[in-house]
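Student: Residue numbers (numbering that gives the first Met the number 0), protein chains in the order written: chain C, 0 to 156; chain G, 0 to 417. Note that the Cβ used here is the ideal one computed from N, Cα and C, for glycine as well.
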Amino acid sequence: MFTEEELQQVEEIKSHYPTNLSAVMGALHLYQDKYGYVSDEGISYVAKLLEIPEEHVLGVVSFYEMFHQHPTGKYKLQVCTNVSCMLCNSDMVLRSIKEKIGIGIGEMTEDGLFSVHEVECLGSCGTAPVISVNKLYHDKLTPEKINELIDTLKAQG
Amino acid sequence: MNDYQPVLLPGISDLHRIDVYEQHGGYARIRKALAMKPTEILDVVKASGLRGRGGAAFPTGLKWSFMPQEGEKPSYLCVNGDEAEPGSFKDRQIFEFNPHQMIEGILISGYALRIKTAYIYIRGEYESWTRMVEKAIAEAYARGYVGEKMKETFGTDYSVEIYVHRGAGAYICGEESSLMNSIEGHRPYPRVKPPFPAQIGLWGCPTTINNVETITNIPVIMEKGADWFKEIGAETHPGPLLYGISGHVNKPGVYELPTGMLLTELIHDVAGGIPGGKKIKMVIPGGSSMPPLRGDQLDGVHMDADSLKDIGSAIGTAGIIVMDEDTNLLRVLTRITHFYKVESCGQCTPCREGTGWMLKVFNRLLAGEGSSKDLDLLHSVANNIEGNTVCALGDAAAWPVKFTIERFRVELEKELVR
Ligand SMILES: Cc1cc2nc3c(=O)[nH]c(=O)nc-3n(C[C@H](O)[C@H](O)[C@H](O)COP(=O)(O)O)c2cc1C
Ligand code: SF4
Ligand code: FES
Numbered sequence: 000m001f002t003e004e005e006l007q008q009v010e011e012i013k014s015h016y017p018t019n020l021s022a023v024m025g026a027l028h029l030y031q032d033k034y035g036y037v038s039d040e041g042i043s044y045v046a047k048l049l050e051i052p053e054e055h056v057l058g059v060v061s062f063y064e065m066f067h068q069h070p071t072g073k074y075k076l077q078v079c080t081n082v083s084c085m086l087c088n089s090d091m092v093l094r095s096i097k098e099k100i101g102i103g104i105g106e107m108t109e110d111g112l113f114s115v116h117e118v119e120c121l122g123s124c125g126t127a128p129v130i131s132v133n134k135l136y137h138d139k140l141t142p143e144k145i146n147e148l149i150d151t152l153k154a155q156g
Numbered sequence: 000m001n002d003y004q005p006v007l008l009p010g011i012s013d014l015h016r017i018d019v020y021e022q023h024g025g026y027a028r029i030r031k032a033l034a035m036k037p038t039e040i041l042d043v044v045k046a047s048g049l050r051g052r053g054g055a056a057f058p059t060g061l062k063w064s065f066m067p068q069e070g071e072k073p074s075y076l077c078v079n080g081d082e083a084e085p086g087s088f089k090d091r092q093i094f095e096f097n098p099h100q101m102i103e104g105i106l107i108s109g110y111a112l113r114i115k116t117a118y119i120y121i122r123g124e125y126e127s128w129t130r131m132v133e134k135a136i137a138e139a140y141a142r143g144y145v146g147e148k149m150k151e152t153f154g155t156d157y158s159v160e161i162y163v164h165r166g167a168g169a170y171i172c173g174e175e176s177s178l179m180n181s182i183e184g185h186r187p188y189p190r191v192k193p194p195f196p197a198q199i200g201l202w203g204c205p206t207t208i209n210n211v212e213t214i215t216n217i218p219v220i221m222e223k224g225a226d227w228f229k230e231i232g233a234e235t236h237p238g239p240l241l242y243g244i245s246g247h248v249n250k251p252g253v254y255e256l257p258t259g260m261l262l263t264e265l266i267h268d269v270a271g272g273i274p275g276g277k278k279i280k281m282v283i284p285g286g287s288s289m290p291p292l293r294g295d296q297l298d299g300v301h302m303d304a305d306s307l308k309d310i311g312s313a314i315g316t317a318g319i320i321v322m323d324e325d326t327n328l329l330r331v332l333t334r335i336t337h338f339y340k341v342e343s344c345g346q347c348t349p350c351r352e353g354t355g356w357m358l359k360v361f362n363r364l365l366a367g368e369g370s371s372k373d374l375d376l377l378h379s380v381a382n383n384i385e386g387n388t389v390c391a392l393g394d395a396a397a398w399p400v401k402f403t404i405e406r407f408r409v410e411l412e413k414e415l416v417r
């Protein structure tokens, strides 16, 4: 399921550590980047690849917030609602998203394009309020900026 | 303070590029260090008075001195860039604007500690910044400043490898023993201490964990000397400090200034004061885990470890969160408690159950269904968590609740009535 090139990346990650176990997070990141989430199949695959027990991989996947065991929207709108963002009106961010695409925290649009996630401090408190869409941060949000962002993402499809 | 010249984030354009970094004295400090004995470097760091910037302000030289001098086992350095303490956003600036100084800091620290492998642990959400750091590391390898080639480049028999380890969205991984379990590939539960990492750390080997900003100070100390460094800022906690100021201020951001600045000066002059000229209700001086201060308690308060301790708070990550007079403290406390509840690893009963309990009570209070007695209940739950857990996340969850109730009782009672 990994291409030659991806397998090469796994080898590279493995070479950073004295044990294969340490490569588990790196391999899972690669898997999730490719498939959007880590399915049961993904867990078995990574376990085989690193020659470590499946239960172990499952234990790691289930601990970390960023590893998803179920499909998410193609665009994950991860809204920070922690204190600094709250003080700078993260309520407005959630409201604007809801008005625009009709979904709130923990929900996904029917077309599977968007899902909304409440996340903890993203380390961007000086430019609050902030959301991270998949891997990119968008900060100092206003209702207009949110509208524009969602329109752009929709256009990309 | 106006004449202070930043040395961690000096504002030189394109400093993240290795050429520019070298034009400004970069990678000359490692040459200087390699001409010294490791123990001499340790003495300089001790004499500088540098204290860790990751939260506990522990003296760096002292921490380093716990590492065994010569041993059969390999030893490791972990550079902590998990940066997930709410209100903290400073290490990111180093990743983006001055990554080579962090790398040079790793080389010097690595030589002083005789370590062969260093891991930079970067929180998973910082994917863009991870790329920047990886690019800088690749540049440094290509120039022969890192890895085996160092030996030839610098004419030394010392070399060190530097790798990035990506986190995946768990605040607890910033706690040093959890961080090591995360790197080892286990579920990242914090470890019981002692043994301390300098004895039994990564893979059972001696390990030092330092914050990104701490390590980025090392090349400066090498270049300018311990005497220069200890003259900056507060006597018992000297040096440059990255203050992150957020919340209700006109100019939020990360500002590099000496330690020991007046909190009021930082808020009103550096960060431009409060929008609408409002009054301050509460300030958290060092990230959400630290005891909050009253707005009318700020005069004369200096931002260094000992001054803050004296008035019942702590420097933490120097992430200052400012809240104006209209802030609803119940909401703030509920949100903070929610954070610790979801981030608790669940290993200790007081932390796991206590944070859950507190959150339930707060939600009840927010729904207007509680009474003043619930504040006493919350206070006692917080007290039962504090000091009774494996790692400091327990205290971090307890302090904001406990101290806000003690210091803002009147305000909280008013919010309950409304
Ligand atoms: C729950 C928790 C989270 C922490 N998160 C971080 C972090 O993100 N970055 C950091 O440098 N230190 C963090 N620390 C502190 C580390 O355990 C450790 O003290 C620090 O990295 C040591 O570096 P220093 O001596 O250079 O400050 C955390 C501690 C706790 C208890
Ligand atoms: S105090 Fe909380 S986070 Fe720390 S080890 Fe115990 S349960 Fe885990
Ligand atoms: S509180 Fe939202 S980025 Fe820090």
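What residues in its chain sit with their C-beta under 7 Å from that of Gly111 (chain C), if we drop five residues either side in the sequence?
Tutor: Translated into the one-based positions of the first sequence, residue 111 (chain C) becomes position 112. If we look at Gly111 (chain C) and ignore the five residues flanking it on each side, its Cβ neighbours are Gly72 and Lys73.
Student: Starting from Gly109 (chain G), trace the beta strand (DSSP E) both ways and give me its first and last residue.
Tutor: Counting from 1 along the second sequence, the entry for residue 109 (chain G) is found at position 110. Element bounds for Gly109 (chain G): not the beta strand (DSSP E) but the alpha helix (DSSP H), Pro98 to Leu112.
Student: Quick check: does the Cβ of Ala127 (chain C) come within less than 7 Å of any heavy atom belonging to ligand 3?
Tutor: For this step, residue 127 (chain C) is matched to residue 128 along the first sequence. Flag set: Cβ of Ala127 (chain C) near ligand 3.
Student: So who's on the other strand from Met281 (chain G), going by DSSP bridges?
Tutor: The sequence position of residue 281 (chain G) within the second sequence is 282, counting from 1. Paired residue(s): G:Arg293 and G:Met322.
Student: Which chain C residues sit within Cβ distance under 7 Å of Arg186 (chain G)?
Tutor: Translated into positions along the second sequence, residue 186 (chain G) becomes position 187. Result: Gly58, Val59 and Phe62.
Student: Is the closest heavy atom of ligand 2 to the C-beta of Leu297 (chain G) under 7 Å?
Tutor: For the purposes of this step, residue 297 (chain G) is taken as the residue at position 298 of the second sequence. Checking the Cβ of Leu297 (chain G) against ligand 2 gives no.
Student: Is the shortest distance between the beta-carbon of Gly122 (chain C) and the beta-carbons of chain G less than 8 Å?
Tutor: Taking the first residue of the first sequence as 1, we reach residue 122 (chain C) at position 123. Gly122 (chain C) counts as touching chain G.
Student: Does ligand 2 have even one heavy atom less than 7 Å from the beta-carbon of Ile208 (chain G)?
Tutor: The sequence position of residue 208 (chain G) within the second sequence is 209, counting from 1. It does not: the Cβ of Ile208 (chain G) is nowhere closer than 7 Å to a heavy atom of ligand 2.
Student: To the nearest angstrom, report how far apart Ser371 (chain G) and Met289 (chain G) are at their CA atoms.
Tutor: Here residue 371 (chain G) is taken as the residue at index 372 of the second sequence, counted from 1. Here residue 289 (chain G) is taken as the residue at index 290 of the second sequence, counted from 1. About 24 Å.
Student: Exposed or buried, Asp375 (chain G), counting other C-beta atoms within 10 Å across all chains shown (16 or more means buried)?
Tutor: In the second sequence, counting from the first residue as 1, residue 375 (chain G) sits at position 376. Classification of Asp375 (chain G): exposed, given that the 10 Å Cβ count is below 16.
Student: Going by the C-beta, is Leu121 (chain C) closer than 7 Å to any heavy atom of ligand 3?
Tutor: For the purposes of this step, residue 121 (chain C) is taken as residue 122 along the first sequence, with counting starting at 1. Flag set: Cβ of Leu121 (chain C) near ligand 3.
Student: Which residue spans inside the region 145-233 of chain G form an unbroken alpha helix (DSSP H) run of at least 4?
Tutor: Taking only runs of at least 4 residues, the alpha helix (DSSP H) segments lying wholly in the region 145-233 of chain G are 149-153, 175-183, 211-223 and 225-229.
Student: Within a Cβ cutoff of 8 Å, which residues of the same chain sit near Leu261 (chain G), ignoring the five residues on either side of it in sequence?
Tutor: Within the second sequence, the letter at position 262 stands for residue 261 (chain G). Cβ within range, chain order: Gly299, Val300, His301 and Met302.
Student: Please enumerate, following chain order, all residues with a beta carbon closer than 5 Å to at least one heavy atom belonging to ligand 2.
Tutor: That query returns the following residues: G:Pro189, G:Ser343, G:Cys344, G:Gln346, G:Cys347, G:Cys350, G:Thr388, G:Val389, G:Cys390, G:Leu392 and G:Gly393.
Student: Where does Val132 (chain G) sit, in a helix, a strand or coil, going by DSSP?
Tutor: Translated into positions along the second sequence, residue 132 (chain G) becomes position 133. Reduced to three states, the DSSP call for Val132 (chain G) is helix.
Student: Check whether the Cβ of Glu64 (chain C) lies closer than 7 Å to any heavy atom of ligand 1, and answer yes or no.
Tutor: Indexing the first sequence from 1 puts residue 64 (chain C) at position 65. Flag unset: Cβ of Glu64 (chain C) not near ligand 1.
Student: Assign Gln4 (chain G) to buried or exposed, taking buried as 16 or more other Cβ atoms, counted over all protein chains shown, within 10 Å of its Cβ.
Tutor: In the second sequence, the residue the question calls residue 4 (chain G) occupies position 5. Classification of Gln4 (chain G): exposed, given that the 10 Å Cβ count is below 16.
Student: Within 7 Å: the Cβ of Arg28 (chain G) and any heavy atom of ligand 1?
Tutor: The residue given as residue 28 (chain G) occupies position 29 in the second sequence. No - ligand 1 has no heavy atom lying nearer than 7 Å to the Cβ of Arg28 (chain G).
Student: Give the secondary structure of Phe62 (chain C) by DSSP, where H, G and I count as helix, E and B as strand, and everything else as coil.
Tutor: Here residue 62 (chain C) is taken as the residue at index 63 of the first sequence, counted from 1. Looking at Phe62 (chain C) - three-state DSSP - the assignment turns out to be helix.
Student: Tell me whether the region 95-102 of chain C and the region 342-350 of chain G touch, counting them as touching only if at least three CB pairs, one residue from each stretch, are closer than 8 Å.
Tutor: No, the region 95-102 of chain C is not in contact with the region 342-350 of chain G.
Student: Specify the secondary structure class of Arg122 (chain G) as computed by DSSP and reduced to three states.
Tutor: Working through the second sequence from its first residue, we reach residue 122 (chain G) at position 123. Reduced to three states, the DSSP call for Arg122 (chain G) is coil.
Student: I'd like to know if Met322 (chain G) contacts chain C, where contact means its C-beta is closer than 8 Å to some C-beta of that chain.
Tutor: Here residue 322 (chain G) is taken as the residue at index 323 of the second sequence, counted from 1. At least one chain C Cβ lies under 8 Å of Met322 (chain G).
Student: Give, in chain order, every residue of the region 171-195 of chain G whose Cβ lies closer than 8 Å to some Cβ of chain C.
Tutor: Those would be Ser181, Ile182, Glu183, Gly184, His185, Arg186 and Pro187, in chain order.
Student: Which residues in the same chain as Leu106 (chain G) place their Cβ atom closer than 6 Å to its Cβ, once the five residues preceding and following it in sequence are excluded?
Tutor: As a working mapping, residue 106 (chain G) is identified with position 107 in the second sequence. The answer, listed in chain order, is Ile29.
Student: For a test of your reading of the model: does the CB of Asn81 (chain C) fall under 7 Å from any non-hydrogen atom of ligand 3? Yes or no.
Tutor: As a first step, residue 81 (chain C) is located in the first sequence; it is residue number 82 there, counting from the start. Indeed, a heavy atom of ligand 3 lies less than 7 Å from the Cβ.
Student: May I have the straight-line CA-CA distance separating Ala135 (chain G) from Ile102 (chain G), to the nearest angstrom?
Tutor: Indexing the second sequence from 1 puts residue 135 (chain G) at position 136. Indexing the second sequence from 1 puts residue 102 (chain G) at position 103. Spanning the two alpha carbons is a distance of roughly 8 Å.
Student: Hey, is Leu20 (chain C)'s beta-carbon within less than 8 Å of any beta-carbon in chain G?
Tutor: The residue you call residue 20 (chain C) lines up with position 21 of the first sequence. Yes, its Cβ sits closer than 8 Å to a Cβ of chain G.
Student: So the candidates are G:Lys72, G:Glu71 and G:Thr38; which of them puts its Cα closest to the Cα of Ser64 (chain G)?
Tutor: Stepping through the second sequence from its first residue, residue 64 (chain G) is reached at position 65. When only C-alpha atoms are compared, the closest one is G:Thr38.
Student: Leu377 (chain G) and Ile335 (chain G) look like a contact to me (Cβ under 8 Å); what is the Cβ gap, rounded to whole Å?
Tutor: Here residue 377 (chain G) refers to the residue found at position 378 when the second sequence is read from its first residue. Here residue 335 (chain G) refers to the residue found at position 336 when the second sequence is read from its first residue. Leu377 (chain G) to Ile335 (chain G), Cβ: 12 Å. No contact.
Student: List the endpoints of the continuous beta strand (DSSP E) containing Phe88 (chain G).
Tutor: In the second sequence, residue 88 (chain G) corresponds to position 89, counting from 1. Run containing Phe88 (chain G): none; DSSP gives neither H nor E here.
Student: At a CB-CB cut-off below 7 Å, which residues of chain G make contact with Phe66 (chain C)?
Tutor: As a position in the first sequence, residue 66 (chain C) is number 67, starting the count at 1. Residues of chain G passing the Cβ test: Ala167.
Student: Please name the residue, chosen from G:Leu329, G:His337 and G:Ile17, that lies closest to Gly367 (chain G) on a Cα-to-Cα basis.
Tutor: The residue given as residue 367 (chain G) occupies position 368 in the second sequence. Gly367 (chain G) has its Cα closest to that of G:Leu329, out of G:Leu329, G:His337 and G:Ile17.
Student: So within the region 361-385 of chain G, which uninterrupted beta strand (DSSP E) runs reach at least 3 residues, ignoring any that extend past its ends?
Tutor: If we require 3 residues or more, the region 361-385 of chain G turns out to have no beta strand (DSSP E) run fully inside it.
Student: Pull up the DSSP beta-bridge partners for Met107 (chain C), would you.
Tutor: Here residue 107 (chain C) refers to the residue found at position 108 of the first sequence. Its beta-bridge partners are C:Ser114.
Student: Kindly indicate the opening and closing residues of the beta strand (DSSP E) around Glu255 (chain G).
Tutor: Numbered from its first residue, the second sequence carries residue 255 (chain G) at position 256. Element bounds for Glu255 (chain G): Gly252 to Pro257.
Student: Using a Cβ cut-off of 8 Å (strictly closer), state whether Glu126 (chain G) contacts chain C.
Tutor: The residue you call residue 126 (chain G) lines up with position 127 of the second sequence. Taking Cβ atoms only, chain C reaches closer than 8 Å to Glu126 (chain G), which makes this a yes.
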